[in-house]
Amino acid sequence: MILTREDVIDVVKSAFGSGEIANLCRADLWGIDLTGANLQGADLSQAYLRRANLSQTNLQGTDLGEADLSGADLRGANLRQAKLGGIDLHEADLRQADLSETDLRGANLRRAKFNSDTLWPLNFDPVEEGAIRY
């Protein structure tokens with residue numbers, strides 16, 4: 003079942019209200035538009051977010067381990083302190099995104115776009131990992 007924006011927001015709000023973690027693990031969110039949504043702390047591990055619009059989305063502290071975000075729009079997204087091990091960011095747009103304080107070990111960044119406003123973890127070289135400066 004493919005979830006809608008409203009479904010995702012409801013899961014996050016419900017979990018936040020009860021003090022739990024929003025469980026969206028393995029969710030099929032292909033092409034979803036979550037522009038500007040607050041998903042802070044949600045579990046999106048192994049989620050399918052290919053070509054999703056996550057621009058300006060708050061993903062701080064979110065678990066995105068082994069998630070597929072290939073081709074996703076993450077312009078201006080806050081991914082600070084997110085768990086990104088094994089994430090697929092192939093051809094994702096990371097311009098102005100904040101990836102500081104993240105662990106990108108095992109991440110696929112081939113042909114991901116970034117610019118001078120993209121914030122990376124200390125001593126991380128995105129070009130060495132296959133990303134392209136725009």
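3 is the number of the first residue of the sequence shown in the working numbering; add one for each residue after it.
Here a beta-carbon is modelled for each residue, glycine too, at the ideal position from N, C-alpha and C.
No experiment lies behind these values; they were computed from the predicted model shown.
Query raised in the report: Is the CB-CB distance between residue 47 and residue 66 below 8 Å?
Result: The residue you call residue 47 lines up with position 45 of the sequence shown. The residue you call residue 66 lines up with position 64 of the sequence shown. Yes, the pair counts as a contact, with Cβ atoms nearer than the cut-off.
Query raised in the report: How about residue 2 and residue 26: are their beta carbons less than 8 Å apart?
Result: Absent from the model: residue 2. The displayed extent of the chain is 3 to 136, so no value can be given.
Report task. Spatial neighbours of residue 98 within its chain, please: CB distance less than 6 Å, with the 5 preceding and 5 following residues excluded, ordered by chain position. Result -> If you number the sequence shown from 1, residue 98 lands on position 96. Closer than 6 Å at Cβ, skipping near neighbours: 77, 78, 119.
Requested in this report: Return the bridge partner residues of residue 4 from the DSSP annotation.
Outcome: Residue numbering aside, residue 4 sits at position 2 when the sequence shown is read from its first letter. Answer by DSSP bridge pairing, in chain order: 30.
Query raised in the report: What do you get for residue 6, buried or exposed, if any count of 16 or more other CB atoms within 10 angstroms of its CB means buried?
Result: One-based indexing of the sequence shown puts residue 6 at position 4. Looking at its Cβ environment, which holds fewer than 16 other Cβ atoms inside 10 Å, residue 6 is exposed.
Report task. Report the residue from 85, 52, 122, 132 whose alpha carbon sits nearest the alpha carbon of residue 61. Result -> As a first step, residue 61 must be located in the sequence shown, where it is residue number 59. Nearest option by C-alpha distance: 85.
Query - Beta-carbon proximity list for residue 132, same chain, < 7 Å, skipping 5 on both sides - result: Position 130 of the sequence shown holds residue 132. So the qualifying residues of the chain are 111, 112, 113.
Query raised in the report: If you compare alpha carbons, which of 28, 39, 122 is closest to residue 12?
Result: One-based indexing of the sequence shown puts residue 12 at position 10. Nearest of 28, 39, 122 to residue 12, Cα basis: 39.
Query raised in the report: If we ignore side chains and look at the alpha-carbon of each, how far apart do residue 9 and residue 107 end up?
Result: As a first step, residue 9 must be located in the sequence shown, where it is residue number 7. As a first step, residue 107 must be located in the sequence shown, where it is residue number 105. So the two alpha carbons sit approximately 31 Å from each other.
Query raised in the report: Ordered along the chain, which non-local residues of its own chain (more than five positions away) have a Cβ less than 7 Å from that of residue 80?
Result: By 1-based counting over the sequence shown, the position of residue 80 is 78. Cβ neighbours of residue 80 beyond the five flanking positions: 60, 61, 62, 100.
Query - Cβ-based neighbour list, residue 93, same chain, cut-off 7 Å, excluding 5 preceding and 5 following - result: Start at 1 with the first residue of the sequence shown, and residue 93 comes out as number 91. Contacts found: 72, 73, 113, 114.
**Report entry** For residue 95, the nearest candidate out of 19, 22, 126, 56 (CA to CA)
**Finding:** Counting from 1 along the sequence shown, the entry for residue 95 is found at position 93. With distances taken between Cα atoms, residue 95 lies closest to 56.
Query - Cut-off 8 Å between Cβ atoms - residues of its own chain near residue 52, not counting five sequence neighbours on either side - result: The count along the sequence shown starts at 1 and reaches residue 52 at position 50. Around residue 52: 32, 33, 70, 71, 72, 73, 74.
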